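Report on the structure given below.
Residue numbers (my numbering): 4 to 223.
Listed below in structure tokens is the structure:
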């Protein structure tokens, strides 16, 4: 008699197990379902492809459980996005903000190692779990391998007068960290010529040698 082996689904851990029998495994999900309209199925296909590529090898990525018709089943971020969380709080400790920055940079390094460029990193798509740890998500507008992104960076998360995707991808987490520290969008009122010198004077994190420090220079 041929032995039947039940494959453990992608995105689930042993802690999700409710029970198991001869024919099936039962697991409990703390999940949301992200639906796509008929005219946006290319975004669905792109996000599905990327979540499948990323797998569950990094804790800083929203967990992917699979698909349901034209929808993606994802981990529920109980504390919503960083932007929403900060808006609800009277005070967010600097230590927590710095932890978010470090976790976000680590998540970005991971997706780059899998040939994925996020393309739209901001406080709106960096989510928080029960432990207030960062979960990077929303890959519908991302690039993978030689496939270009369907969407471009948000204008406040793009290098002024720059069109290079790799440079913008590296710049976006720094803008996100600026948002976390100031709870505001950076210099939206400035045009590109005004932004360039000002950005270099902003105290962004220093990522040299893989460490996270803060530049001490300030604007005059």
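Glycine included, C-beta positions come from ideal geometry on N, C-alpha and C.
Quick caveat, the model's predicted, so the values are computed rather than measured.
For residue 47, the secondary structure class from DSSP, reduced to helix, strand or coil, is helix.
Listed in chain order, the beta strand (DSSP E) runs fully inside the region 34-90 are 34-38, 67-70, 74-78, counting runs of at least 3 residues. In this structure residue 146 is buried. Its beta-carbon is surrounded by 16 or more other beta-carbon atoms within 10 angstroms. Burial is judged here by how many other beta carbons sit within 10 angstroms of a residue's own beta carbon; residue 92 has fewer than 16 and is exposed. Distance between residue 143 and residue 25, taken at the CA atoms: about 37 Å. Closest in alpha carbon position to residue 36, among 62, 22, 78, is 78. According to the DSSP secondary-structure assignment, residue 147 is paired through a beta bridge with 119, 150. Shown here for residue 45: same chain residues with a beta carbon closer than 7 Å to its own, the five before and five after excluded, namely 153 in chain order. According to the DSSP assignment, residue 137 belongs to the beta strand (DSSP E) that extends over 137-139. Taking C-alpha positions only, residue 117 is separated from residue 39 by approximately 25 Å. In this structure, residue 130 places its C-beta atom within 8 Å of the C-beta atom of residue 80.
Counting every other CB atom within 10 Å of its CB across the protein chains shown gives residue 121 a total of 16 or more, marking it as buried. Around the beta carbon of residue 48, fewer than 16 other beta carbons lie within 10 angstroms, which makes this residue exposed. Between residue 87 and residue 137, the CB-CB gap reaches or exceeds 8 Å. A residue is called buried when at least 16 other Cβ atoms come within 10 angstroms of its Cβ; residue 90 does not meet this threshold and is exposed.
Counting along the chain, the unbroken beta strand (DSSP E) around residue 131 starts and ends at 129-131.
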